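Q:
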Amino acid sequence: ELFNKIITPLGDYLLDFNNKLIELSKELENLKLKSVNLSENLTTRQQLESKYTPIVSDLIIPPDVIKSVYNGDLNQSWCDNLQFLQEKTQIYQQYKEKYPNLKSLDTLTKTLDLLYIKAIERIKNFMVAKIKRLRTIGTPSQVVQNQLIECRDIYPFLKQRAPSLALELRQAYVYTMKWYYHAHFQRYLQSLTKLTLHTIDRESLIGGTQSIFKKNIAVGDYSLGKRGQIIHAQDPTVMPAQIAEYNQLKFHMETAFRSFNLAIIDNGSVEYLFLMEFFQLDAEVNGVFEQIFSTTFQLGISFTKELITNTFDIFGVLILIRLSQGLVFELQRRRIPVIEDYLNLQMITLWPKFQSLIDMNCENMKRSSSKSSAISGMKPTTAHPLTLQFANLLSGFLKLTGVEQQTTQEPLYNSIQRLRNDYESVLTKMSKNLKQNELFLYNNYSFVLGILTECEGALADSETE
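In the UniProt record's numbering, the protein residues as written are 1 to 465.
#1: When the distance is taken between beta carbons, is Leu-59 closer than 7 Å to Met-127?
#2: Apart from the five residues just before and just after Asn-75, which ones in its own chain have a Cβ nearer than 7 Å to its Cβ?
#3: Going by the C-beta, is Thr-311 closer than 6 Å to any heavy atom of the ligand NAP?
#4: Measure the alpha-carbon distance for Asp-153 versus Asp-80 and round it to whole angstroms.
#5: Does the segment 306-322 come close enough to the segment 347-355 that 3 or more CB-CB pairs lie under 8 Å?
#6: Output the distance between the C-alpha atoms of Gln-147 and Glu-277, rounded to the nearest integer angstrom.
#7: What did DSSP end up calling Val-219 once you bin it into helix, strand or coil?
#8: Compare the beta carbon distance of Val-328 and Leu-343 with 7 Å and say whether it is the shorter of the two.
#9: Can you tell me the Cβ-Cβ gap for residue 466 and Leu-273, rounded? I've got them flagged as a contact below 8 Å.
#10: Rounded to whole angstroms, what is the Cα-Cα separation between Pro-100 and Gln-93?
#11: Can you list, in chain order, the residues of its chain whose CB lies under 6 Å from that of Ile-336, leaving out five sequence neighbours each side?
#12: I'd like to know if the segment 256-263 and the segment 134-141 are in contact, where contact means that at least 3 CB-CB pairs between them fall below 8 Å.
#13: Do you know how far the Cα of Tyr-413 is from the Cα of Asn-286?
#14: Could you please give me the residues that DSSP links to Lys-250 through a beta bridge?
#15: Taking all protein chains shown into account, do 16 or more other C-beta atoms lie within 10 angstroms of the C-beta of His-198, making it buried, or fewer, making it exposed?
#16: Quick one: what does DSSP say Pro-62 is sitting in, helix, strand or coil?
#17: Tell me whether the beta-carbon of Ile-206 lies closer than 7 Å to the beta-carbon of Asn-364.
#18: May I ask you to report which of helix, strand or coil DSSP gives Ser-35?
#19: Starting from Ile-301, trace the alpha helix (DSSP H) both ways and give me its first and last residue.
#20: Restricting to Cα atoms, I'd like to know which of Thr-176, Lys-178 and Tyr-445 is closest to Tyr-423.
#21: Go to Leu-85, then tell me how far its alpha helix (DSSP H) extends in each direction, as first and last residue.
#22: Kindly indicate which three-state DSSP category Ile-137 falls into: helix, strand or coil?
#23: Using the three-state DSSP reduction, which class does Glu-29 fall into: helix, strand or coil?
#24: Keeping to the same chain, check which residues put their C-beta closer than 8 Å to that of Tyr-116; ignore five residues upstream and five downstream.
#25: Just how far apart, CA to CA, sit Ile-292 and Gln-234?
#26: How many Å lie between Glu-418 and His-182 at the Cα?
#27: Once you ignore the five residues that flank Ile-6 on each side, which residues in its own chain have a CB closer than 7 Å to its CB?
#28: Select from Leu-439, Met-360, Pro-9 and Gln-332 the residue whose C-alpha is nearest the C-alpha of Ala-383.
#29: From residue 467 to Leu-31, what does the alpha carbon distance come to, in whole angstroms?
#30: Please list the segments of the alpha helix (DSSP H) lying wholly inside the segment 310-387, counting only runs of 4 or more residues, in order along the chain.
#31: In chain order, what residues of the same chain have a beta carbon less than 6 Å from the beta carbon of Asn-19, not counting five sequence neighbours either side?
#32: Can you say whether Ile-22 is buried or exposed, counting buried as having 16 or more other CB atoms within 10 angstroms of its CB?
This is the structure in structure tokens:
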């Protein structure tokens, strides 16, 4: 009885424990099976992720990009998003070729097209706003150009996606800048014309002032002085309009000429570089630049003609030629060839005037030498006033001509030859009025030689031989 009382409960307990072990074993089997399934699912998922994650990355357009295209400021970051969209276009095209039945691509492509349409609209509005700003009085063009350069990628994008619109906007810019430069340079020209210029009239020609035959001195207009220094001046600035309008000093015409044309090549250089960088012009750049600056160049040529038409300032005309040549060299240094035609046209305008003044000096020298005042003032032991004028004029020409410019190819060479031949003819003719004619010729030629020995270069050497 005691045995049954103890063993029976123990047996029941062990039986129950065994049943629980069986259930636990089954649960462990189930857990093992689930673990294996989970592991298999995880492996499958990893395989799927490794397979499809690059595809999703290729196809997805992040919301931040969409928001930027629609509402973001146009800056370099916005341009980077344009590049991102174009890369997506290439990727979509590759997927279409590889998976022609992938329907989701159509939806994504439509989304991309809508983004392109919005981007084009925003670029148009942006450029129109900048172009309109250029027509606002007081707006510096370089400020607007710098803002456009910061978004330099927008125009190539527009040219690719909407070429006709791109051309229209470029032409709108061209017309605006044509007006801009013409208006600003016209105002600057009005300021420069208020400068008080030295008047060099007909009396400055060789023998033009009869009093010189009594005073036995050269006319001051034939002394170059320091005027030639402007040719090699290192100051890159131009005369401000306000100073030109209210300056009470007298200037020679080369001051106004240099300021105006230096302003043209400075502004032209900036404009040329902008056209190349923003609009990415190549063969077209010369034509587009000409459209912008054609009327401004006409202002420059007209201003030059106004300066030289009624003047007898032969040094001044030669200085203008040398300034033009110097600006051509500066453009070559900057590698801005497009303005050279304008400066060549300046020289085409200036050289005939210089030749005309040479003709006038030669004719006036011949006429004045036959007058009684010229003959009565002759002395065999001193240089004649005509010699003083001739020597100073010739010396001035040579000082205004750099060593590299002293060639027989330049028009100045023939002008000097003619002036010298006429002077020798006049001097020989005048010497016949003196008994000591050889002494007269010797002293006059010696004076000229002494003046020319101070000059340098091949042309100067040929004149002293």
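Every residue gets a Cβ at the ideal spot worked out from N, C-alpha and C, and that includes glycine. Remember, it's a predicted structure, so these values are computed and weren't measured experimentally.
A: Taking the structure as given:
#1: Position 127 of the sequence shown holds residue 127. Position 59 of the sequence shown holds residue 59. No; because the gap between Cβ atoms is not below 7 Å, this pair is not in contact.
#2: The residue labelled residue 75 in the question sits at position 75 within the sequence shown. Contacts found: Glu-150 and Cys-151.
#3: Absent from the structure shown: the ligand NAP. Ligands present: none.
#4: Taking the first residue of the sequence shown as 1, we reach residue 153 at position 153. Taking the first residue of the sequence shown as 1, we reach residue 80 at position 80. Looking at the two C-alpha atoms, the distance is approximately 9 Å.
#5: yes
#6: Residue numbering aside, residue 147 sits at position 147 when the sequence shown is read from its first letter. Residue numbering aside, residue 277 sits at position 277 when the sequence shown is read from its first letter. Rounded to the nearest angstrom, the two C-alpha atoms are 13 Å apart.
#7: Sequence index remark: in the sequence shown, residue 219 carries index 219 (1-based). The pLDDT assigned to Val-219 is 42, lower than 50, so where the model puts this residue is not dependable, and the model offers no usable value.
#8: Along the sequence shown, one-based indexing puts residue 328 at 328. Along the sequence shown, one-based indexing puts residue 343 at 343. Yes, they are a contact pair.
#9: In the structure as shown, the chain starts at 1 and stops at 465, and residue 466 therefore has no counterpart that could be examined.
#10: Numbered from 1 along the sequence shown, position 100 holds the residue referred to as residue 100. Numbered from 1 along the sequence shown, position 93 holds the residue referred to as residue 93. Going by the C-alpha atoms only, they are around 10 Å apart.
#11: As a first step, residue 336 is located in the sequence shown; it is residue number 336 there, counting from the start. These residues qualify, in order along the chain: Ser-269 and Tyr-272.
#12: no
#13: Locating residue 286 in the sequence shown gives position 286, where the first residue counts as 1. Locating residue 413 in the sequence shown gives position 413, where the first residue counts as 1. The alpha-carbon atoms of Asn-286 and Tyr-413 are separated by roughly 34 Å.
#14: The residue you call residue 250 lines up with position 250 of the sequence shown. Answer is Thr-196, bridged to Lys-250.
#15: Taking the first residue of the sequence shown as 1, we reach residue 198 at position 198. Looking at its Cβ environment, which holds fewer than 16 other Cβ atoms inside 10 Å, His-198 is exposed.
#16: By one-based count along the sequence shown, residue 62 stands at place 62. Three-state DSSP puts Pro-62 in coil, outside helix and strand.
#17: To locate residue 206, count along the sequence shown from 1; it is residue 206. To locate residue 364, count along the sequence shown from 1; it is residue 364. A contact, by the Cβ cut-off of 7 Å.
#18: Position 35 of the sequence shown holds residue 35. Helix.
#19: For the purposes of this step, residue 301 is taken as the residue at position 301 of the sequence shown. Ile-301 -> alpha helix (DSSP H) spans 285-308.
#20: By 1-based counting over the sequence shown, the position of residue 423 is 423. Nearest C-alpha to Tyr-423: Tyr-445.
#21: Here residue 85 is taken as the residue at index 85 of the sequence shown, counted from 1. Taken as a continuous stretch (DSSP letters only), the alpha helix (DSSP H) holding Leu-85 covers 76-98.
#22: Taking the first residue of the sequence shown as 1, we reach residue 137 at position 137. Here Ile-137 sits in coil by DSSP.
#23: In the sequence shown, counting from the first residue as 1, residue 29 sits at position 29. Of the three classes helix, strand and coil, the one that applies to Glu-29 here is helix, per DSSP.
#24: Within the sequence shown, the letter at position 116 stands for residue 116. For Tyr-116, where only same-chain residues beyond five positions count, the Cβ hits under 8 Å are Leu-85 and Arg-161.
#25: Taking the first residue of the sequence shown as 1, we reach residue 292 at position 292. Taking the first residue of the sequence shown as 1, we reach residue 234 at position 234. Going from the Cα of Ile-292 to the Cα of Gln-234 covers about 29 Å.
#26: Residue mapping note: residue 418 aligns to position 418 of the sequence shown, counting from 1. Residue mapping note: residue 182 aligns to position 182 of the sequence shown, counting from 1. For the record, residue 418 in the displayed sequence is Arg; it is not Glu. Spanning the two alpha carbons is a distance of roughly 41 Å.
#27: Your numbering for residue 6 matches position 6 in the sequence shown. Within the same chain, Ile-6 has no close Cβ partners at all.
#28: On the sequence shown, position 383 is the one that residue 383 refers to. Looking at the Cα atoms, Leu-439 is the closest of the given residues.
#29: With the chain covering 1 to 465 only, the question about residue 467 has no answer from this structure.
#30: 314-334, 340-369 and 372-376
#31: If you number the sequence shown from 1, residue 19 lands on position 19. Contacts found: none.
#32: Taking the first residue of the sequence shown as position 1, residue 22 is located at position 22. The residue is exposed, with fewer than 16 neighbouring Cβ atoms inside 10 Å.
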